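Residue numbers (the numbering used here), protein chains in the order written: chain E, 1084 to 1196; chain X, 2 to 117.
As structure tokens, the structure follows; a few thoughts come after it.
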């Protein structure tokens, strides 16, 4: 059972455009929602994260929007650049002491120049 | 400070062979994780460890074993490799934080394993 559903699977955006990736979750015990960015041949790296008591978090061109009642969150990349081309994973952490993350299946973002 | 390193970077095995993947971190992190990444499947947790000498099963543990004899190392073993274990394997670590602070997992560069 997939607990974090991510869409779209792939996304092509023109330079300067807005990239939007959506995730939905089922488990209301999730208490931390990070986004990871992965370039080809590299390991994922934390991009930005949010807690469910906040509806939005912005870091530079990257913004997470969080809708607790709908159990959805999304990543917005403003002024998308070719250097943003990567695979993006949303994730959710279950509460407790083991700090396990459940990842979405990923979105391959291509930003055309 | 090398962060999280993985050995080897690439490996080709024949069905039935065994091997061990090594993950090392120099950040004194308590938690360590092994994931596998397959196309269209995201990252799936194989096993994890919450401290030296402790291990636990993740989402897809069958066919794998792990050991955490030293805090800085987390080993992933395949006793009898199968083609279904062809994947890219990532190790990650994170610190033990107090007070609900940031929970970032730091990933290694991955090991690409092919089982023929």
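Beta carbons: idealized from backbone N, C-alpha and C, even for Gly.
Everything numeric in this text was worked out from a predicted model, so none of it was measured.
Open item on the list: List, from N- to C-terminal side, the beta strand (DSSP E) runs of 3 residues or more that fit wholly inside the stretch 29-74 of chain X.
Closed with: 32-39, 43-52, 55-58, 66-68
Task: DSSP three-state assignment for residue 78 (chain X), whether helix, strand or coil - done: strand
- [ ] Let me know the secondary structure DSSP gives residue 85 (chain X) once reduced to three states.
- [x] helix
- [ ] Compare the C-beta of residue 1186 (chain E) against all C-beta atoms of chain X and say whether one is closer than 7 Å.
- [x] yes
TODO: In the DSSP assignment, find the beta strand (DSSP E) that holds residue 1114 (chain E) and state where it starts and stops.
DONE: 1113-1121
TODO: State the beta-bridge partners of residue 1161 (chain E) as determined by DSSP.
DONE: Partner(s): none; residue 1161 (chain E) has no beta bridge.
Open item on the list: Residues of chain X with CB closer than 8 Å to the CB of residue 1172 (chain E), please, in chain order.
Closed with: 43, 44
Open item on the list: For a cutoff of 7 Å on Cβ pairs, would you count residue 29 (chain X) as touching chain E?
Closed with: no
- [ ] Report the neighbours of residue 105 (chain X) on chain E: residues whose CB is nearer than 7 Å to its CB, in chain order.
- [x] 1129
Open item on the list: Please identify, using Cβ separations under 7 Å, the residues of the stretch 2-36 of chain X that lie next to chain E, in order along the chain.
Closed with: 32
- [ ] Using the Cα positions of residue 1124 (chain E) and residue 113 (chain X), report the straight-line distance between them to the nearest angstrom.
- [x] 10 Å
Open item on the list: Across the stretch 1157-1165 of chain E and the stretch 1084-1104 of chain E, are there enough close Cβ pairs to call them in contact, namely three or more that are closer than 8 Å?
Closed with: yes
Open item on the list: If you measure between the beta carbons of residue 1121 (chain E) and residue 1185 (chain E), is that distance less than 7 Å?
Closed with: no
TODO: Throw me the rounded Cβ distance for the residue 1182 (chain E) and residue 95 (chain X) pair, which I believe falls under 8 Å.
DONE: 6 Å
Task: Spatial neighbours of residue 14 (chain X) in its chain, beta-carbon cut-off 8 Å, leaving aside the 5 residues before and after - done: 20, 79, 82, 114, 115, 116, 117
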